[in-house]
Structures are given as C-alpha cells and as structure tokens.
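Engineer: Take a look at the following structure, please.
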Amino acid sequence: MITAEIPVRRHTQPGALPVLGRKAFVEQVMGLPISIHVRATEPTSPDIAAAADRAFAHLRLADRIFSTWRSDSDLLRLQHGELAVDDAHPWLAEVVELCLEAEERTDGLFRAWRSRESGRPVFDPTGLVKGWAVVGAAAHLETVPDIAWCLGAGGDIAVGVGRGMHDVDPVWRIGIEDPRDRRQVTDVVTLSRGGIATSGAAARGAHVSDPRTGRGIDRAGSVTVTGPDLMWADVWATAAWVDPTEAARLLASRDPAFRLLTH
Amino acid sequence: MRRITYWLLSTVSALVLLFSYHTSTSAKAATSISTPAAQADTDTTATASGTSGTGSASGATSDTSASSTATTPSTTTTPSTTTAAATIYDGDVISTRYGNVQVQITVENGKITKSIVLQVPWSNGKDQQINSRAVPTLNSEAVASQSSSIDMVSGATYTSEGYIQSLQSAIDQAHL
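Chains A and B are the protein sequences, given in the same order. Heads up: the first sequence begins at 1 in this note's numbering, then just goes up one per residue. Heads up: the second sequence begins at 1001 in this note's numbering, then just goes up one per residue.
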C-alpha cells in the first residue's frame, strides 16, 4: 500500500539518487498499451523482469475476470446467468464492494450500475477496474528491492518504489495531454509515489455518462486527478468529469490528499 | 587423429554458437530493453537484415535480431542507420482488432524528429478514410507532443490503441 502523502512535487532534487539505469517493458493487456518503466542501479536484474511479468499476468487475470468484451469473463458469465455468485472469482466481490464505496464517497457522481429501460441495471465496473488492477499489478513491483517504477495503462499512471527505497524520491515527469490539441502537452506533473488519472472526451467522445441523468457528457476539456492511489485518482477523475464543481468540493472534504487539475 | 581434431573444433564452435544465441524468450511479446547502446545494436540489425519487412505479428524485433545473431555470430554490427545524432527505432508490430500497426520514429538529440507508419490496416474503404485522417495527425502528434523530459503521458483513454502502443514501444526503446 502506498503511504506517502505528498504526491506532487514541483522540483527535483538532483544528486539525491545514485545513478540509475532504466528499463522498459511493454505489453498489450485489456486492449490497452501497458508500459512498465523501471529505474534501478541494475536495471537488467532478472528480479525486475520477473516482477514485470507477474505484473502483466495480474492484469491479464483481471481482464479475464472483468472484461466486458470477452463473453467468457466471470463478469459476463455472471450477468448472463452462466455462473453462480459463489463460483465467481473472489475479486468480483471485492470490486463490487469498492464500487459501492466509490459511489458513496463521490455522492453518486461515480456509479458502476447503469440502469436500462428494461428492468435490471447493468453492472459495469470498467471505470474502477483499470485503476484497481494497475494498483494490484504494481504490488509486484513494490516487492523488488531498490527500484523505482512507473506503470502506465492507457493514460492512467501509477508510480512508486520497491523495497528499501523509502528515503529517496525518484521523480517521474508526467505530461498531461492537451484535450484541445492532442499534439500538445498542456502541463507537466512530477510524481514520485501515487497515481494520476485523466478523464475527458478527447479520445473517445462521450464515453462517460452522468449517472444522475444517464446522458453522455459532451463538452471540451479534461480533468486530471493526482493522489496517493491510482484507483481513487481514477474514480475521482471520472466523478470530476461528471461534475467538476461538486467533485472539487467533495474531494476537498473527503480525500484532501488528492488534487484536481482542470484543463 | 586429424578427423577427431576437426570434430572437436566443430563441436567447440557449435557450443560457442549455442551460447552466443541470446535468449529472446525472456519476455514473450514484451519488449525488454537493457541499455540504449544495446538497443541501438538490435535495431540496426533489424533494419540491416531486410528493413521494414517484419511481417509476423509479435516480437518481430527480437526475432529478427535473434536470427541474425544466429547466422552471423562473430560480427559486431556496424550502426548503418545511426548517424552522428539520429537513431531510428521501430515500434513493436501491434495486432489490433482492425489489423497490424507499426510505427517507426527517428530520434535526434533525445527528441523525436520524424515518425512514420510502417504498417497500418487498409482493409476497407472506411478504414482507409479513418486512417488517412488519423495517421497524419498522430504522426505530427508524436513529433510535437513529446518533450525531451517526459516519462509518460496522461490523457483520456486512447482510441488508436495500436498506434499509441507501437509508438510507446518505440519511445520506450529510445528511452525518451
């Protein structure tokens, strides 16, 4: 678990670190580009490659369970009545709990249940699962001694350190895409521990809908949330995209460790 | 006697060949890069041995480099595509729902100066329409959006997954 309280740093401390090499691992999981970057004095260590493999495996398992595209996922089999609740992977129950908590914490600005005209609401935890799965995958990197890591999953990024790196704050510079002109980076946030998530309509159009009205949100711009945990940053970014003013108010009172940036 | 010597020699050289065959199986489809220098080498071997070809879907770069290592084990490749400052990196070939995508970037002094698409799905008219609009945008995006010192980009979830992933892998190789 990430405990550091200061996720955003504006300046680096040159000379505070030994010379670190860097290694990158890229794989496509959940239909998304997943990049793991590791800084270490010995970036070629097999421990690092093994941890990256386990992180990717964790994401693949999450995809097998929660995919809304694969008809053999636990989630869809459950919804189609092909799987008993007791036989589903225990992660499903965990995610259901987290979705309920997220809905409560954001006063319903985040909601994983979409109502349909015909009867039962559909449970679609996609908005929470990606951040949750990335945090779980990153736990494998946290066990490796003396590394700093950065895990990017389609625009949502978690960064942190391995064992024994508690006194150092390796800084990752995260560019925030300009929602009006995707060729530009509009802002740079430096992060040494925690997560950063961006919500907006730039890439996929109105893919987030307002749970209060059921209508898609169609406006320009994007919101970014940084904080000590990627999953909650992601949840808050979705909530802030739905209602920036209300989310900013809630965030300040309920999760003051997180920061909201509007672009 | 002489025959035995030859046999021994050939066994020894076979062993040397075997051991010089670097394991490309360490990470299946993942691109794993150790040092920029080593990466530049793999890249030049890849481009030297047939340029853009790389028809197979995953791990194309490592396959090509592995096979070229196996056939010409003793040579250290001369960096033919590396001029004083510019280096060319090929992104992984990414299979998407619509077809394969592969991107190549040119890096000069730590900056992307050029980005071209080596492979793109052109299977039907609609794809063609979308791609003819998207690809130039994405290309200029790759060149313009990068800043010398950005580790990753946070943005709304990408549609052009294949493109971005291929681009990201090329960037990862270049350690930008």
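Where a beta carbon is used, it is the ideal one built from N, C-alpha and C, also for glycine.
Can you check which of these residues, A:239, A:255 and A:136, is closest to residue 108 (chain A) by C-alpha distance?
Structural biologist: A:239
Engineer: Check residue 127 (chain A) in the structure and name its three-state DSSP category.
Structural biologist: Helix at residue 127 (chain A).
Engineer: List, in chain order, every chain A residue whose beta-carbon is nearer than 7 Å to that of residue 1094 (chain B).
Structural biologist: Simply 28.
Engineer: For residue 68 (chain A), go through chain B and note every residue whose CB falls closer than 9 Å to its CB, in chain order.
Structural biologist: None at all; the shortest Cβ gap to chain B is about 14 Å.
Engineer: Between A:114, A:198, A:39 and A:260, which has its C-alpha nearest residue 146 (chain A)'s C-alpha?
Structural biologist: A:39
Engineer: Determine the direct distance from the alpha carbon of residue 43 (chain A) to that of residue 120 (chain A), and round the result to whole angstroms.
Structural biologist: 50 Å
Engineer: Are the C-beta atoms of residue 1172 (chain B) and some chain A residue less than 9 Å apart?
Structural biologist: Residue contact check for residue 1172 (chain B) against chain A: a CB pair falls below 9 Å.
Engineer: Would you report the Cα separation of residue 959 (chain B) and residue 148 (chain A), rounded to the nearest angstrom?
Structural biologist: There is no way to answer for residue 959 (chain B), as the model of chain B reaches only from 1001 to 1176.
Engineer: Taking buried to mean at least 16 other C-beta atoms within 10 Å of its own C-beta, is residue 125 (chain A) buried or exposed?
Structural biologist: buried
Engineer: Using the rule of at least 16 other Cβ atoms within 10 Å of the residue's Cβ for burial, across every protein chain shown, is residue 1109 (chain B) buried or exposed?
Structural biologist: exposed
Engineer: Rounded to whole angstroms, how far is the Cβ of residue 152 (chain A) from the Cβ of residue 231 (chain A), which I believe are closer than 8 Å?
Structural biologist: At roughly 15 Å, the Cβ-Cβ gap does not stay under 8 Å, so residue 152 (chain A) and residue 231 (chain A) are not in contact.
Engineer: Can you have a look at residue 211 (chain A) and say buried or exposed, based on whether 16 or more other CB atoms are within 10 angstroms of its CB?
Structural biologist: buried
Engineer: How should residue 192 (chain A) be labelled, buried or exposed, when 16 other C-beta atoms within 10 angstroms of its C-beta is the threshold for buried?
Structural biologist: Of the other Cβ atoms in all chains shown, 16 or more fall within 10 Å of the Cβ of residue 192 (chain A); this residue is therefore buried.
Engineer: What separation, rounded to the nearest whole angstrom, lies between the Cα atoms of residue 1076 (chain B) and residue 59 (chain A)?
Structural biologist: Confidence at residue 1076 (chain B) is low in this model, with a pLDDT of 36, below 50, so the placement of that residue should be treated as unreliable; the coordinate-derived value is given next. Residue 1076 (chain B) and residue 59 (chain A) have their C-alpha atoms some 38 Å from each other.
Engineer: Is there at least one Cβ from chain B nearer than 9 Å to residue 35 (chain A)'s Cβ?
Structural biologist: yes
Engineer: Does DSSP put residue 1116 (chain B) in a helix, in a strand, or in coil?
Structural biologist: strand
Engineer: Could you say which of B:1117, B:1087 and B:1153 lies nearest to residue 1111 (chain B) if we only look at CA atoms?
Structural biologist: B:1087
Engineer: By Cβ distance below 6 Å, which residues in the same chain neighbour residue 219 (chain A) in space, the five residues on each side in sequence not counted?
Structural biologist: none
Engineer: Contact defined as beta carbons within less than 8 Å: I believe residue 1094 (chain B) pairs with residue 79 (chain A). What is the distance between those atoms, to the nearest angstrom?
Structural biologist: Their Cβ separation, rounded to whole angstroms, is 30 Å, which puts residue 1094 (chain B) and residue 79 (chain A) out of contact at 8 Å.
Engineer: Where does residue 72 (chain A) land, buried or exposed, given buried means 16+ other C-beta within 10 angstroms?
Structural biologist: exposed
Engineer: With a threshold of 9 Å between beta-carbons, can residue 156 (chain A) be considered close to chain B, or not?
Structural biologist: Judged by the 9 Å Cβ criterion, residue 156 (chain A) is in contact with chain B.
Engineer: Quick one, are the C-beta atoms of residue 30 (chain A) and residue 62 (chain A) less than 9 Å apart?
Structural biologist: yes
Engineer: For residue 237 (chain A), count neighbouring Cβ atoms within 10 angstroms of its own Cβ and tell me buried if that reaches 16, exposed if not.
Structural biologist: buried
Engineer: Helix, strand or coil, according to DSSP, for residue 66 (chain A) in the structure here?
Structural biologist: helix
Engineer: Beta-carbon of residue 129 (chain A) versus every beta-carbon of chain B: anything under 9 Å?
Structural biologist: no
Engineer: Can the beta-carbon of residue 261 (chain A) be found closer than 9 Å to that of residue 224 (chain A)?
Structural biologist: Pairing residue 261 (chain A) with residue 224 (chain A) gives a Cβ-Cβ distance under 9 Å.
Engineer: Output yes or no for whether 9 Å exceeds the beta carbon distance between residue 177 (chain A) and residue 1153 (chain B).
Structural biologist: Contact flag set, yes.
Engineer: How is residue 1039 (chain B) classed by DSSP in three states: helix, strand or coil?
Structural biologist: For residue 1039 (chain B), the predicted model reports a pLDDT of 36, less than 50, meaning its position is unreliable; a value from the coordinates is still stated below. Here residue 1039 (chain B) sits in helix by DSSP.
Engineer: Check each candidate in A:254, A:45, A:93 and A:37 and name the one with the smallest Cα separation from residue 171 (chain A).
Structural biologist: A:37
Engineer: Need the endpoints of the beta strand (DSSP E) that residue 148 (chain A) sits in, please.
Structural biologist: 147–153
Engineer: For residue 195 (chain A) versus residue 226 (chain A), is the C-beta distance shorter than 9 Å?
Structural biologist: yes
Engineer: Just checking: is the beta-carbon of residue 152 (chain A) within a distance shorter than 9 Å of some beta-carbon in chain B?
Structural biologist: yes
Engineer: Please classify residue 258 (chain A): does DSSP put it in a helix, a strand, or coil?
Structural biologist: Correct three-state label for residue 258 (chain A): coil.
Engineer: Looking at the C-beta of residue 172 (chain A), does it have a partner C-beta in chain B at a distance below 9 Å?
Structural biologist: yes
Engineer: Helix, strand or coil for residue 87 (chain A)? Go by DSSP, reduced to three states.
Structural biologist: helix
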